[in-house]
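Structure first, then comments.
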Amino acid sequence: MARIFVTGSADGLGRATALTLLGEGHEVVVHVRA
24 MARIFVTGSA DGLGRATALT LLGEGHEVVV HVRA
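Heads up: the sequence shown begins at 24 in the working numbering, then just goes up one per residue.
Take a look at the structure:
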């Protein structure tokens, strides 16, 4: 599987995308601006 970088992962579409990709078995790196 792929390693995927997702920005804006705190909530909304970014979070949903990251969780979906994790569920598909990808390695997901998330970025959250605090």
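The beta carbon of each residue, even a glycine, is placed where N, CA and C say it ideally should be.
Bear in mind that the values here come from a model prediction, so they are computed numbers and not experimental data.
Item to check | Within 8 Å, strictly: CB atoms of residue 25 and residue 32 | outcome: As a working note, residue 25 is residue 2 in the sequence shown. As a working note, residue 32 is residue 9 in the sequence shown. Contact: no.
Checklist entry - Exposed or buried, what is residue 51 when buried is set at 16 or more other beta-carbons lying within 10 Å of its beta-carbon? => result For the purposes of this step, residue 51 is identified with residue 28 of the sequence shown, where counting begins at 1. Flag for residue 51 reads buried.
Checklist entry - What is the DSSP secondary structure of residue 38, reduced to helix, strand or coil? => result Reading the sequence shown from its first residue, position 15 is the one you call residue 38. It is helical.
Checklist entry - In chain order, what residues of the same chain lie with their CB nearer than 6 Å to the CB of residue 54, ignoring the 5 residues before and after it? => result As a working note, residue 54 is residue 31 in the sequence shown. Closer than 6 Å at Cβ, skipping near neighbours: 30.
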